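Report on one structure; see the data block that follows.
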Amino acid sequence: MYTIKGKTTDWELVIGLEVHCEILSNAKVFSGASAVFGGEQNTHVSFIDAGFPGMLPKVNEKCIEQCVKTGLGLNARINKYSRFDRKNYFYADLPQGYQISQLYHPIVGEGFIEVTTSEGTRKIGVERLHLEQDAGKSIHDMSPTKTFIDLNRAGVGLMEIVSKPDMHSPEEAGEYLRQLRAIVRALGTCDGNMDEGSMRCDVNVSVRPVGETGFRTRTETKNVNSVRFVMHAIEVEANRQVEIYENGGTIKQETRLYDSDNGETRPMRGKENANDYRYFPDPDLLPVVLTDEYIENIRKNLPELPEAKKARYISELGLTPYDASVLTADREIAAYFETAAKGQDAKKVANWVMGDLFAYLNKECLPIAKSPVSAENLGALVGLIGNNTISGKIAKDVFQFMIETGKDPATIVEEKGLKQNTDTGAIEKIVDEVMAANPEQVAEIKAGKDKLKGWLVGQIMKASHGKANPALANQILNKKLGG
Amino acid sequence: MALDQRTIQNLSWLARLKLPVEREGKILNDLQSILDWVEQLKEVNIEGVEPLISVTEGIAPMREDKVTEGDQQADLMANAPESVQGFYVVPKVVE
Numbered sequence: 001m002y003t004i005k006g007k008t009t010d011w012e013l014v015i016g017l018e019v020h021c022e023i024l025s026n027a028k029v030f031s032g033a034s035a036v037f038g039g040e041q042n043t044h045v046s047f048i049d050a051g052f053p054g055m056l057p058k059v060n061e062k063c064i065e066q067c068v069k070t071g072l073g074l075n076a077r078i079n080k081y082s083r084f085d086r087k088n089y090f091y092a093d094l095p096q097g098y099q100i101s102q103l104y105h106p107i108v109g110e111g112f113i114e115v116t117t118s119e120g121t122r123k124i125g126v127e128r129l130h131l132e133q134d135a136g137k138s139i140h141d142m143s144p145t146k147t148f149i150d151l152n153r154a155g156v157g158l159m160e161i162v163s164k165p166d167m168h169s170p171e172e173a174g175e176y177l178r179q180l181r182a183i184v185r186a187l188g189t190c191d192g193n194m195d196e197g198s199m200r201c202d203v204n205v206s207v208r209p210v211g212e213t214g215f216r217t218r219t220e221t222k223n224v225n226s227v228r229f230v231m232h233a234i235e236v237e238a239n240r241q242v243e244i245y246e247n248g249g250t251i252k253q254e255t256r257l258y259d260s261d262n263g264e265t266r267p268m269r270g271k272e273n274a275n276d277y278r279y280f281p282d283p284d285l286l287p288v289v290l291t292d293e294y295i296e297n298i299r300k301n302l303p304e305l306p307e308a309k310k311a312r313y314i315s316e317l318g319l320t321p322y323d324a325s326v327l328t329a330d331r332e333i334a335a336y337f338e339t340a341a342k343g344q345d346a347k348k349v350a351n352w353v354m355g356d357l358f359a360y361l362n363k364e365c366l367p368i369a370k371s372p373v374s375a376e377n378l379g380a381l382v383g384l385i386g387n388n389t390i391s392g393k394i395a396k397d398v399f400q401f402m403i404e405t406g407k408d409p410a411t412i413v414e415e416k417g418l419k420q421n422t423d424t425g426a427i428e429k430i431v432d433e434v435m436a437a438n439p440e441q442v443a444e445i446k447a448g449k450d451k452l453k454g455w456l457v458g459q460i461m462k463a464s465h466g467k468a469n470p471a472l473a474n475q476i477l478n479k480k481l482g483g
Numbered sequence: 001m002a003l004d005q006r007t008i009q010n011l012s013w014l015a016r017l018k019l020p021v022e023r024e025g026k027i028l029n030d031l032q033s034i035l036d037w038v039e040q041l042k043e044v045n046i047e048g049v050e051p052l053i054s055v056t057e058g059i060a061p062m063r064e065d066k067v068t069e070g071d072q073q074a075d076l077m078a079n080a081p082e083s084v085q086g087f088y089v090v091p092k093v094v095e
């Protein structure tokens with residue numbers, strides 16, 4: 001159990017996350033303007049998004065579908081009746097003066113995400129998922145006295161996914177967020193890109209002495225934009241609270257900002273005036289009513305989710321749980337792996353993907369979609385090792401050529417003459433030559449210095465330019481040494 | 001519900017309306033009489049009556065997920081008090 005050691009007692013953490021996911025759709029949630037990221041400023045904006053008087057919102061059916069899909073992926077109850085409310089506040093990038101959200105009747109109710117940490121697997125509760133609209137973007141650094149506003153993002157559909165205060169360590173919160181990202185990516189409901197802000201996280205943290213039940217005052221830390229930062233923000237905020245309690249202080253319920261440069265959280269300025277959002281039902285929008293048939297139809301067509309995929313990799317392909325979770329954390333990696341593993345030894349393919357391929361991609365900062373080695377070719381390479389065409393060592397060289405040329409491994413092996421020698425006679429000849437050239441070492445081995453044998457095998461491989469089948473070479477050498 | 005001066009000040013702040021102090025009294029009285037009038041509705045027995053949220057019955061009509069508008073930066077900026085290179089420009093909103 002994760003605790004913070006205090007002077008008088010140990011403290012445990014209570015963590016809840018609110019995650020905003022931008023919905024993948026062509027158009028915005030209430031208008032026909034483009035919801036695609038980017039574009040010249042204020043070109044993806046309708047008069048609805050810009051809050052012009054007299055404009056009426058109309059729900060994008062795709063956004064509803066994406067919420068239902070995500071809800072099913074979170075093992076959650078889908079509410080057949082949901083509706084919209086106005087959350088009123090003034091900010092320059094919210095032209096309507098209110099955000100359309102779902103306070104009273106969210107589209108998705110309680111669910112859970114299964115999270116695996118070093119302490120085992122736990123179900124983390126999801127409180128709700130509701131549909132709302134994103135705000136525009138304020139740019140503060142283009143003028144010393146003015147703020148510039150771009151409304152391209154204003155009105156893009158957002159799913160706010162609220163967890164229960166169910167998490168108790170930074171690791172658990174980090175895994176919850178990773179798992180949630182893997183789910184929305186697998187479903188194609190959000191691209192999960194935290195750098196571009198299409199997935200954003202607010203962190204609620206409180207602490208209490210171990211054994212105490214009930215919750216103490218929590219703080220909310222806003223817009224923490226990577227898994228690593230979320231874990232770190234929780235750690236520093238929890239430690240800050242423990243220190244205050246231990247010095248006899250109390251925690252104020254407040255909104256804080258995480259400063260990744262200084263590794264601290266600090267209160268947000270100008271928020272002293274308690275928020276008063278004056279929620280009320282939006283009279284412009286009628287309720288969303290879904291049928292069982294509609295929901296079941298979406299359920300039937302759900303793609304395989306990361307948890308199920310992971311279980312399948314373990315039971316059917318014989319991967320370790322660790323390898324399975326690495327390969328299923330990202331939809332594109334999983335797809336690459338499955339293509340490569342088709343008809344091959346899956347464990348060996350997993351080793352190549354997570355070993356040589358990841359090493360190369362990480363070094364070059366390439367996403368797997370840009371890999372110069374195609375999944376089919378990587379699978380073929382493993383196949384060539386499996387049927388003894390090349391040795392594992394030569395395969396490393398072939399892999400290097402594959403990166404450089406993008407060619408398939410069979411062609412490279414052919415062109416470079418790298419085919420493994422399994423001709424016993426030929427290998428025997430090389431073994432004889434090497435033994436004749438190193439009589440002292442042979443004598444030492446025969447006298448019991450077994451360690452030198454590896455060195456001798458190395459010499460044999462070298463003499464064969466790496467092409468001798470190592471197993472055969474070993475076998476022949478053993479026979480000759482014994483005889 | 002009885003209003004006081006502080007509530008009036010808070011409401012004007014929430015609505016971003018600058019209210020001169022000398023008018024607060026009059027606004028308070030006006031608003032109070034509106035609330036008192038609405039208060040009478042509490043006399044009606046509404047047991048078993050669902051709240052009416054919209055006078056239009058039915059369920060939300062949906063739009064297809066198609067981009068049908070946008071690309072009208074100039075029209076938007078024509079109504080902006082200030083703009084630069086297609087951005088809305090407003091007074092600085094952070095200190």
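Each protein sequence line maps, in turn, to chains H and Z. Residue numbering for the first sequence is 1 to 483, as defined by this note's numbering. Residue numbering for the second sequence is 1 to 95, as defined by this note's numbering. All C-beta atoms, glycine included, are put in the ideal place defined by N, C-alpha and C. Owing to the predicted nature of the structure, the values given are computational and were not obtained by experimental measurement.
From the beta-carbon of phenylalanine 90 (chain H), the residues of chain Z found nearer than 9 Å are Leu14, Ala15, Arg16. Using beta-carbon distances, serine 101 (chain H) does not count as an interface residue toward chain Z, since no partner is under 7 Å. Rounded to the nearest angstrom, the Cβ distance from leucine 357 (chain H) to cysteine 190 (chain H) is 26 Å, too far for a contact under 8 Å.
Cβ neighbours of alanine 135 (chain H) within its own chain (closer than 8 Å, five residues either side excluded): Tyr91, Asp93, Leu94, Gln99, Arg153, Ala154. Its Cα nearest to that of valine 21 (chain Z), the residue Z:Gln5 stands out among Z:Leu14, Z:Gln5, Z:Asn29.
Within 8 Å of the CB of arginine 63 (chain Z), the CB atoms of chain H belong to Ala27, Gly32, Lys58, Val59, Asn60, Glu61, in sequence order along the chain. Beyond the five residues adjoining it in sequence on each side, threonine 70 (chain H) comes within less than 8 Å, by CB distance, of Cys21, Val108, Leu129, Met159, Ile161, Ile183, Val184, Leu187, Thr189, Cys190 in the same chain, given in chain order. Secondary structure at methionine 77 (chain Z): helix, using DSSP grouped into helix, strand and coil. By the neighbour-count criterion, in which a residue is buried when 16 or more other Cβ atoms sit within 10 angstroms of its Cβ, serine 315 (chain H) is exposed.
The Cβ atoms of valine 242 (chain H) and threonine 221 (chain H) lie no closer than 7 Å to each other. Comparing alpha carbon positions, the residue from H:Glu12, H:Val373, H:Leu56, H:Lys7 closest to asparagine 247 (chain H) is H:Lys7. Restricting attention to alpha helix (DSSP H) runs no shorter than 4 residues, the region 331-384 of chain H encloses them at 331-341, 346-352, 358-364, ordered along the chain. Cysteine 67 (chain H): member of the alpha helix (DSSP H) spanning 61-73, first to last residue. Taking C-alpha positions only, glycine 97 (chain H) is separated from asparagine 88 (chain H) by approximately 6 Å.
The DSSP-derived three-state label of tyrosine 176 (chain H) is helix.
What alanine 60 (chain Z) touches in chain H, judged by beta-carbon distance under 7 Å, is Val59, Leu285, Leu286, Pro287, Val288, going in chain order. One alpha carbon belongs to glycine 263 (chain H), the other to leucine 257 (chain H), and they sit about 11 Å apart. Taken through DSSP and simplified to helix, strand or coil, lysine 42 (chain Z) comes out as helix. Annotated as distal: histidine 44 (chain H) and valine 94 (chain Z), with beta-carbon spacing of 7 Å or more. With a contact defined as Cβ atoms closer than 8 Å, valine 59 (chain H) and alanine 2 (chain Z) miss out at about 40 Å.
Secondary structure of glutamate 132 (chain H) (DSSP, three-state): strand. Counted as a single uninterrupted DSSP element, the stretch harbouring isoleucine 78 (chain H) is not any alpha helix (DSSP H), since DSSP gives it neither H nor E. Distances from the CA of asparagine 469 (chain H) to each of H:Asp423, H:Ser169, H:Ala447 were compared; the closest alpha carbon is that of H:Asp423. One finds Glu40, Gln41, Asn42, Thr43, Asp150 in chain H with Cβ atoms closer than 9 Å to the Cβ of glycine 86 (chain Z), taken in chain order. Cβ-Cβ distances below 8 Å link glutamate 332 (chain H) to Pro367, Ile368, Ala369 in the same chain, with the five nearest sequence neighbours on each side left out; the list follows chain order. With a threshold of 7 Å between beta carbons, threonine 147 (chain H) makes contact with chain Z. Annotation: valine 21 (chain Z) has no Cβ neighbours in chain H at a cutoff of 9 Å; minimum Cβ distance is about 19 Å. Secondary structure at glutamine 99 (chain H): strand, using DSSP grouped into helix, strand and coil. Closer than 7 Å to the CB of valine 38 (chain Z) there is not a single CB belonging to chain H. For serine 82 (chain H), the closest of H:Val210, H:Gly54, H:Asn42, H:Pro281 by C-alpha to C-alpha distance is H:Pro281.
Cβ contact annotation for glutamine 420 (chain H) (same chain, cutoff 8 Å, sequence separation greater than five): Asn388, Thr389, Ile390, Ser391, Ile394, Lys467, Ala468, Asn469, in chain order. No Cβ-Cβ contact shorter than 7 Å links tyrosine 336 (chain H) with alanine 311 (chain H).
Residue nearest to lysine 416 (chain H) within the set H:Gln41, H:Thr405, H:Ala426 is H:Thr405 (criterion: CA-CA distance). Secondary structure remark: continuous alpha helix (DSSP H) runs of at least 4 residues inside the region 276-316 of chain H, in chain order: 292-300, 306-315. Relative to phenylalanine 112 (chain H), the option among H:Ile78, H:Thr219, H:Ser143, H:Ile476 whose CA is nearest is H:Ile78. Against chain Z, the CB of histidine 140 (chain H) has a partner CB under 7 Å away; the residue lies at that interface.
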